[in-house]
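Here this note's numbering is used: the first residue of the sequence shown is 5, the next is one more, and so on. We put the beta carbon where it would ideally sit given N, CA and C, even for glycine. Owing to the predicted nature of the structure, the values given are computational and were not obtained by experimental measurement.
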Amino acid sequence: TRPSLIDYIKKESKHKGINLALAMAIIKTESSWKLDSIRCEKNYEQRWQTLVSKTGCAEETDCEEKITDANGKECHKIAASYGLMQIMYPTALDLGFKGNSDKLLTRENFKLGITYLKHMLNTFRDLKDSLAAYNAGKDSVNKAKRCGQEFEEYYQCLPNPHITSQYVMKVIMYQQIYE
Numbered sequence: 005t006r007p008s009l010i011d012y013i014k015k016e017s018k019h020k021g022i023n024l025a026l027a028m029a030i031i032k033t034e035s036s037w038k039l040d041s042i043r044c045e046k047n048y049e050q051r052w053q054t055l056v057s058k059t060g061c062a063e064e065t066d067c068e069e070k071i072t073d074a075n076g077k078e079c080h081k082i083a084a085s086y087g088l089m090q091i092m093y094p095t096a097l098d099l100g101f102k103g104n105s106d107k108l109l110t111r112e113n114f115k116l117g118i119t120y121l122k123h124m125l126n127t128f129r130d131l132k133d134s135l136a137a138y139n140a141g142k143d144s145v146n147k148a149k150r151c152g153q154e155f156e157e158y159y160q161c162l163p164n165p166h167i168t169s170q171y172v173m174k175v176i177m178y179q180q181i182y183e
């Protein structure tokens, strides 16, 4: 139910020291507040075998089973992003998640997402850089920074520069609305 979900988001955001408006802006941008949101990630589906060997799977079905997202795209479960914060299974494992990908459609998704966001903010110490890393990946941002230190200088060196740029600007716009 929405009110208790909002209370949970407030509590977890405060616990992690994350601005509530920023957390809500990411949810709005990532999933439009749909707890059960699943999105197949094209770039990861192309390398799902690498993801399997790199991360392993809690259950064999997470490696082999396919799902279909809201847009009708089919992908392996390990190559999808899940829930309010659109967390990918390999990212969840890196954050200490235990369980299969179906558990990523629960409130635990927000807790993982807010932990990951906090890690990006601590790593990059800049909102735009942190949001770019949340969207495109930390390694992608670090590589792109060879083109310049400021987001406006390096974003064109990201794998999907326009998608990431739009993402960053959208989150910032929603954050301002929620504040």
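Subject >> DSSP state of residue 7 mapped onto helix, strand, coil >> reply: Taking the sequence shown and counting its residues from 1, one reaches residue 7 at position 3. With a pLDDT of 49 at residue 7, under the threshold of 50, the modelled position of this residue cannot be trusted; read the value that follows with caution. Note: residue 7 maps to helix in three-state DSSP.
Subject >> Same chain only: Cβ atoms within 7 Å of residue 109, ignoring 5 sequence neighbours per side >> reply: In the sequence shown, the residue the question calls residue 109 occupies position 105. Taken in chain order, the residues that qualify are 39, 40, 86, 87.
Original post:
What number of angstroms, rounded off, separates the C-alpha of residue 23 from the C-alpha of residue 92?
Top reply: Here the question's residue 23 lines up with position 19 in the sequence shown. Here the question's residue 92 lines up with position 88 in the sequence shown. Answer to the nearest angstrom: the Cα atoms are 22 Å apart.
**OP:** Output the distance between the C-alpha atoms of residue 101 and residue 15, rounded to the nearest integer angstrom.
**Re:** Taking the sequence shown and counting its residues from 1, one reaches residue 101 at position 97. Taking the sequence shown and counting its residues from 1, one reaches residue 15 at position 11. So the alpha carbons of these two residues sit roughly 20 Å apart.
**OP:** Using DSSP bridges, identify the partner residues of residue 78.
**Re:** Along the sequence shown, read from residue 1 onward, the residue named residue 78 stands at position 74. Its beta-bridge partners are 72.
Original post:
In chain order, what residues of the same chain lie with their CB nearer than 7 Å to the CB of residue 144, ignoring the 5 residues before and after it?
Top reply: Within the sequence shown, the letter at position 140 stands for residue 144. In the same chain as residue 144, and ignoring 5 residues on each side of it, the C-beta atoms closer than 7 Å to its own belong to 162, 163, in chain order.
Subject >> Segment contact flag, the segment 135-153 with the segment 165-173, C-beta cutoff 8 Å, min 3 pairs >> reply: yes
**OP:** Would you mind listing the beta strand (DSSP E) stretches within the segment 70-139 that are 3+ residues and don't spill past its ends, in chain order?
**Re:** 70-72, 78-80, 84-86
Original post:
DSSP state of residue 23, grouped into three classes?
Top reply: Numbered from its first residue, the sequence shown carries residue 23 at position 19. Residue state, collapsed to three classes: coil.
Original post:
Of all the options 26, 83, 18, 183, which has the alpha carbon lying nearest to the alpha carbon of residue 134?
Top reply: Start at 1 with the first residue of the sequence shown, and residue 134 comes out as number 130. It is 26.
Original post:
Buried or exposed: where does residue 74 fall if 16 or more other Cβ atoms within 10 Å of its Cβ makes it buried?
Top reply: Translated into the one-based positions of the sequence shown, residue 74 becomes position 70. That one is exposed.
Original post:
Would you report the Cα separation of residue 126 and residue 81, rounded to the nearest angstrom?
Top reply: By 1-based counting over the sequence shown, the position of residue 126 is 122. By 1-based counting over the sequence shown, the position of residue 81 is 77. Distance between the alpha carbons of residue 126 and residue 81: 29 Å.
**OP:** In the DSSP assignment, find the beta strand (DSSP E) that holds residue 150 and state where it starts and stops.
**Re:** For the purposes of this step, residue 150 is taken as residue 146 along the sequence shown, with counting starting at 1. From DSSP, residue 150 is part of no beta strand (DSSP E); its letter is neither H nor E.
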